[in-house]
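With my numbering applied, the sequence shown has no gaps in its numbers, which climb one by one up to 102 at the end. Where a beta carbon is used, it is the ideal one built from N, C-alpha and C, also for glycine.
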Amino acid sequence: MESATVLGEHFRVVAGRSLLFDEEGFLCHVDDWTEDVAAGLAAEAGLAGLDHAQWRVLQFLREFYYENGRSPLNRRIVEGVGMSLLELERMFPGGIRSGAKRLAGLPNPRRCA
């Protein structure tokens, strides 16, 4: 994996593409995301693959982001995918914030004002 630092952010090669990430591993540009990028990030996080339920969560997160211009609150994710908060937290290494939202290519929640 190649890496070069640019103003606290760095480029990494994921799924054969050089992409800009922040210091916490979130994509800097939401439109750089592809399913292949998600699969590559999942593999880096220790997931052998993403199952149907995980893809459903990632798709919900992306659709919500594009419709509302922001990441959904956890309560909205629970309602949107019909799973408990505990199920969602266990589904992704890093839970919802550092797992699901990062794999979905959403902006870093800590950087959102």
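Rounded C-alpha distance that separates residue i from residue j
{"i": "Ala28", "j": "Val67", "result": "23 Å"}
{"i": "Glu76", "j": "Arg64", "result": "13 Å"}
{"i": "Trp22", "j": "Leu47", "result": "11 Å"}
{"i": "Phe15", "j": "Val3", "result": "12 Å"}
{"i": "Gly69", "j": "Arg59", "result": "15 Å"}
{"i": "Gly94", "j": "Gly35", "result": "17 Å"}
{"i": "Gly83", "j": "Glu13", "result": "11 Å"}
{"i": "Glu78", "j": "Asp25", "result": "22 Å"}
Residue i - partner residues in DSSP beta bridges
{"i": "Arg6", "result": "Val3"}
Coil, strand or helix - residue i by DSSP
{"i": "Leu36", "result": "coil"}
{"i": "Gly83", "result": "coil"}
{"i": "Leu16", "result": "strand"}
{"i": "Ala28", "result": "helix"}
{"i": "Thr23", "result": "coil"}
{"i": "Gly88", "result": "helix"}
{"i": "Ala93", "result": "coil"}
{"i": "Leu50", "result": "helix"}
{"i": "Gly71", "result": "coil"}
{"i": "Arg45", "result": "helix"}
{"i": "Leu62", "result": "coil"}
With 16 other Cβ atoms within 10 Å as the buried cut-off, status of residue i
{"i": "Arg91", "result": "buried"}
{"i": "Asn57", "result": "exposed"}
Cβ distance (whole Å) where residue i is taken to contact residue j below 8 Å
{"i": "Leu9", "j": "Cys17", "result": "4 Å"}
{"i": "Phe81", "j": "Gln43", "result": "7 Å"}
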